Amino acid sequence: MTAPAFIAATRNFLVELERLQEILLQQPDEAIFQRIRDLQEQFLQQVRAFASTLTNPLADPGIFLIRKQNELIQQHLNNLRERIDLHLTSDITPHKALDVFDHQFRFKKVVQKHLEDLEHVFPACGSPSDQPSAD
Amino acid sequence: MTPVTFDITYAAFSDMDRLNRFFEEHFVAHQIAIMHNRLEQAMRHLELVFELYRQHEQDTDRLLLPLYEKYVRQIPEGGAVLFFVREHHFIMKRLSELIRHMGKLLLDPEGTPLHRVPLFEEHCTIKDMFDHHHARDRYFLFKYLDEYVPRMEKEAVLPEMEARHREVVRKVQEQP
Numbered sequence: 000m001t002a003p004a005f006i007a008a009t010r011n012f013l014v015e016l017e018r019l020q021e022i023l024l025q026q027p028d029e030a031i032f033q034r035i036r037d038l039q040e041q042f043l044q045q046v047r048a049f050a051s052t053l054t055n056p057l058a059d060p061g062i063f064l065i066r067k068q069n070e071l072i073q074q075h076l077n078n079l080r081e082r083i084d085l086h087l088t089s090d091i092t093p094h095k096a097l098d099v100f101d102h103q104f105r106f107k108k109v110v111q112k113h114l115e116d117l118e119h120v121f122p123a124c125g126s127p128s129d130q131p132s133a134d
Numbered sequence: 000m001t002p003v004t005f006d007i008t009y010a011a012f013s014d015m016d017r018l019n020r021f022f023e024e025h026f027v028a029h030q031i032a033i034m035h036n037r038l039e040q041a042m043r044h045l046e047l048v049f050e051l052y053r054q055h056e057q058d059t060d061r062l063l064l065p066l067y068e069k070y071v072r073q074i075p076e077g078g079a080v081l082f083f084v085r086e087h088h089f090i091m092k093r094l095s096e097l098i099r100h101m102g103k104l105l106l107d108p109e110g111t112p113l114h115r116v117p118l119f120e121e122h123c124t125i126k127d128m129f130d131h132h133h134a135r136d137r138y139f140l141f142k143y144l145d146e147y148v149p150r151m152e153k154e155a156v157l158p159e160m161e162a163r164h165r166e167v168v169r170k171v172q173e174q175p
């Protein structure tokens with residue numbers, strides 16, 4: 000996966016996650032937990048695919064930073080998956096929804112920071128306002 | 000909202016850890032009430048947290064920290080007085096903004112859309128601040144006060160605070 004493709008995937012992940020979080024707060028049920036889990040899994044695949052392109056990280060401090068953040072994000076995603084799976088072993092409650100929401104929020108901050116750094120290390124990819132419209 | 004009873008007895012400073020749990024529980028109850036679109040109930044829980052926190056802040060400044068400074072000879076780095084004051088200040092500031100926002104939601108529901116995600120993100124930040132500050136209370140302030148403050152002073156201060164906290168809870172619930 001190329002850097003521009005991964006940056007676009009990360010932006011999409013954040014947008015989609017926010018949409019699912021809104022549903023989670025209004026209708027906390029097994030289905031929405033599952034949708035969040037699926038979204039995370041999809042993002043994990045993208046994060047891994049991008050990691051495989053970050054070869055020779057010691058040659059460039061920017062790539063080294065991105066690589067380290069990538070590892071951290073993979074670890075976060077594994078922990079989030081375990082958390083959701085644990086919640087899914089019994090009835091879904093508002094407390095569980097809040098737990099998932101809070102962990103997602105902390106994770107989102109990590110991803111947002113990563114996105115900023117990606118845009119800095121791969122400036123040619125541009126910010127969302129530079130991207131052509133999907134229409 | 001089911002009537003809330005303040006059943007915490009302060010026999011030791013560390014019993015105030017239960018007050019901190021009371022804040023956390025009612026804050027979560029506030030969130031869950033919003034999830035169920037019960038905004039008035041949500042406001043009641045938040046008011047309870049806010050008013051009691053305000054009282055706790057005043058008690059800490061007026062009673063607890065002076066005792067802490069007087070009796071704890073070597074205040075540890077992580078338990079510096081300034082941290083308690085500043086963290087209370089930050090928490091109160093955020094709770095005040097939240098009360099204001101909830102007031103707007105209740106008084107002008109059509110003009111104030113309920114954006115849940117940013118609101119609950121703010122909640123998460125406040126809960127993280129609670130968590131951080133309450134750990135400092137537990138491992139420094141309450142612990143050292145129990146260890147160093149003479150019994151007579153302890154017995155003078157704790158029942159006074161307990162009565163005041165009970166009164167705050169009663170007053171919030173009596174509001175129409």
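Protein chains in written order, with numbering that gives the first Met the number 0: chain A, 0 to 134; chain B, 0 to 175. The beta carbon of each residue, even a glycine, is placed where N, CA and C say it ideally should be. Quick caveat, the model's predicted, so the values are computed rather than measured.
Outcome for residue i when other beta-carbon atoms lying within 10 angstroms are tallied against a minimum of 16
i: Asp134/A; result: Here the model assigns Asp134/A a pLDDT of 44, short of 50, so the residue's position is not dependable, and the following value carries that caveat. Classification for Asp134/A: exposed.
i: Phe184/B; result: Outside the shown range of chain B, which is 0 to 175, sits residue 184/B, and nothing can be said about it.
i: Asp6/B; result: exposed
i: Ser119/A; result: A quick correction: the sequence has His, not Ser, at residue 119/A. So His119/A counts as exposed.
i: Arg17/B; result: exposed
i: Gln111/A; result: exposed
i: Gln151/B; result: What sits at residue 151/B in the sequence shown is Met, not Gln. So Met151/B ends up on the exposed side.
i: Asn36/B; result: exposed
i: Ala155/B; result: exposed
i: Asp129/A; result: Residue confidence is low: Asp129/A scores 48 on pLDDT, short of 50, so the model does not pin down where it sits. No coordinate-derived value is stated.
i: Asp136/B; result: buried
i: Gln103/A; result: buried
Spatially closest choice to residue i from the options, by CA coordinates
i: Phe100/A; options: Arg47/A, Ala2/A, Gln26/A and Ala50/A; result: Gln26/A
i: Val3/B; options: Val80/B, Glu46/B, Arg115/B and Thr59/B; result: Glu46/B
i: Asp84/A; options: Leu117/A, Leu24/A, Arg36/A and Pro3/A; result: Arg36/A
i: Leu140/B; options: Thr59/B, Ala10/B and Arg37/B; result: Thr59/B
i: Asp28/A; options: Val109/A, Ala96/A, Glu70/A and Arg18/A; result: Ala96/A
i: Ala30/A; options: Asp90/A, Asn78/A and Glu81/A; result: Asp90/A
i: Val167/B; options: Phe26/B, Leu51/B and His25/B; result: Leu51/B
i: Phe121/A; options: Phe63/A, Arg34/A and Gln45/A; result: Phe63/A
Cβ-Cβ separation, residue j to residue i (assumed contact under 8 Å), whole Å
i: Leu64/B; j: Val80/B; result: 5 Å
i: Leu38/A; j: Phe12/A; result: 7 Å
i: Leu76/A; j: Leu23/A; result: Actually they are not in contact, since the Cβ atoms of Leu76/A and Leu23/A sit about 17 Å apart, beyond 8 Å.
i: Glu23/B; j: Phe129/B; result: 6 Å
Can you give me, in chain order, the residues of the segment 19-46 of chain B that have a beta carbon less than 7 Å from any beta carbon in chain A? Residues of the segment 19-46 of chain B with a C-beta less than 7 Å from any C-beta of chain A: Val27, Gln30, Ile31 and Met34, listed in chain order.
Q) Between the segment 128-148 of chain B and chain A, which residues of the former have a C-beta closer than 8 Å to a C-beta of the latter? A) Going along the segment 128-148 of chain B in chain order, one finds no residue with a Cβ nearer than 8 Å to chain A.
Ordered list of beta strand (DSSP E) runs contained in the segment 69-120 of chain A, each at least 3 residues
None, since the segment 69-120 of chain A contains no complete beta strand (DSSP E) of that length.
message: Please identify, using Cβ separations under 8 Å, the residues of the segment 90-105 of chain A that lie next to chain B, in order along the chain.
response: Of all residues in the segment 90-105 of chain A, Pro93, His94, Ala96, Leu97, Phe100, Asp101, Phe104 and Arg105 have a Cβ within less than 8 Å of some Cβ in chain B.
Notebook entry, point to check: Curious, which full-length alpha helix (DSSP H) runs of at least 4 residues does the segment 24-63 of chain A contain?
Noted result: Restricting attention to alpha helix (DSSP H) runs no shorter than 4 residues, the segment 24-63 of chain A encloses them at 29-50, ordered along the chain.
Could you name the residues of the segment 9-27 of chain A whose beta carbon sits closer than 8 Å to any beta carbon of chain B, in the order they occur along the chain? Along the segment 9-27 of chain A, going in chain order, the ones with a CB nearer than 8 Å to a CB of chain B are Glu17, Gln20, Glu21, Leu24, Gln25 and Pro27.
Give me the subset of the segment 96-117 of chain B whose CB atoms are less than 7 Å from a CB atom of chain A, sorted by chain position. When CB distances to chain A are screened at a threshold of 7 Å, the residues of the segment 96-117 of chain B falling below it are Arg115 and Val116, in chain order.
Can you list, in chain order, the stretches of the alpha helix (DSSP H) that have 4 or more residues and sit fully within the segment 44-113 of chain B? Entirely contained in the segment 44-113 of chain B, the alpha helix (DSSP H) runs reaching 4 residues are, in chain order, 64-70 and 80-106.
What residue ranges within the segment 130-173 of chain B form continuous beta strand (DSSP E) runs of no fewer than 3 residues, ordered along the chain? Within the segment 130-173 of chain B, no beta strand (DSSP E) run of at least 3 residues lies entirely inside it.
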